[in-house]
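S.K.: To start, I am sharing the structure in question, which I have written as structure tokens.
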Amino acid sequence: MNYWLMKSEPDAYSIDHLAVQKKQIDHWDGIRNYQARNFIRDDMMMGDLAFFYHSSCEIPAIVGIIEIVSSAYPDYTAFDPAEKYYDPKSDINNPRWFMVDVFLKRKFRHHVSLKAIRTETELQDMRLVQKGNRLSILPITKREWNHILMMEN
DNA sequence: GCCAACGTTGGC
DNA sequence: GCCAACGTTGGC
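With the first letter of the first sequence counted as 1, position 104 gets the number 366 in the working numbering; the numbers rise by one all the way through.
Quick look at the structure:
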């Protein structure tokens, strides 16, 4: 059982987009970074929990909790030239990119902003607050997970 | 819109 | 394998 943080730009896909999906389940597509790909393909497991993080927006923040409800499978949007994240180098017989399905467990009553996270001495080791971090999938320790849950209240 | 920090690409 | 050029991410 692992903990993660998963980033999405709310203009492209926010937690409310997930909330209106049937059964509140959707696929998490568009990962086009090898390190993030390796995390979801090799380390992510069904039952893992993740924070849903809004990036590149007015108030970057953790906005809810999602559960991983599939194992990793090929990201089929990479095969479709009409898709934004089409990648001609991803072969259907040897897929380069993967995705998982996620289920919305709950939206936070109070968002936990990046700004607030930066002020917590207990969270200074998080890659999220370190300089130059661009990874869209980040592992989180149980200690960090619990601390952020505490910050919500 | 700016820009720092990466990651990727491709010539050599 | 090196590295300059280029593209992207994401906070501010």
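Where is the CB? At the ideal position from N, CA and C, for every residue including glycine.
I'd like to know whether the C-beta atoms of Ile324 and Asp310 end up nearer to each other than 7 Å.
M.R.: Not closer than 7 Å, so no.
S.K.: Let me know the secondary structure DSSP gives Lys369 once reduced to three states.
M.R.: Reduced to three states, the DSSP call for Lys369 is strand.
S.K.: Tell me, please, whether the segment 344-355 touches the segment 300-317 by the rule of three or more beta-carbon pairs shorter than 8 Å.
M.R.: In short, these stretches do not touch, since the Cβ pair count stays below three.
S.K.: Tell me the residue span of the alpha helix (DSSP H) that contains Ala435.
M.R.: In the structure displayed, the chain extends from 263 to 415; residue 435 sits before or after that span and is not available.
S.K.: Can we say the segment 372-385 touches the segment 281-299, given the rule of at least three CB pairs closer than 8 Å?
M.R.: No, the segment 372-385 does not touch the segment 281-299.
S.K.: So, with DSSP's three-state summary, where would you put Leu397?
M.R.: Leu397: coil per DSSP, three-state reduction.
S.K.: Which runs of the alpha helix (DSSP H) fall wholly inside the segment 328-394 and span at least 4 residues, in chain order?
M.R.: If we require 4 residues or more, the alpha helix (DSSP H) runs fully inside the segment 328-394 come out as 376-380.
S.K.: What is the DSSP secondary structure of Asp288, counted as helix, strand or coil?
M.R.: In the structure shown, Asp288 sits in a strand (DSSP, three-state: E or B).
S.K.: Can you say whether Tyr315 is buried or exposed, counting buried as having 16 or more other CB atoms within 10 angstroms of its CB?
M.R.: Classification of Tyr315: buried, given that the 10 Å Cβ count is 16 or more.
S.K.: Which residues bound the alpha helix (DSSP H) around Met412?
M.R.: Taken as a continuous stretch (DSSP letters only), the alpha helix (DSSP H) holding Met412 covers Lys404 to Glu414.
S.K.: Here's a check: name, in chain order, each residue in its chain whose Cβ is nearer than 6 Å to the Cβ of Thr339, leaving out the five neighbours to either side.
M.R.: Correct list, in chain order: Asp291, Glu345 and Tyr347.
S.K.: What first and last residue would you give for the beta strand (DSSP E) that runs through His312?
M.R.: His is not the amino acid found at residue 312; the sequence shown has Ala there. Taken as a continuous stretch (DSSP letters only), the beta strand (DSSP E) holding Ala312 covers Leu311 to His316.
S.K.: Distance check for Pro357 and Glu414, CA to CA, integer angstroms please.
M.R.: Taking the straight line from one Cα to the other gives about 39 Å.
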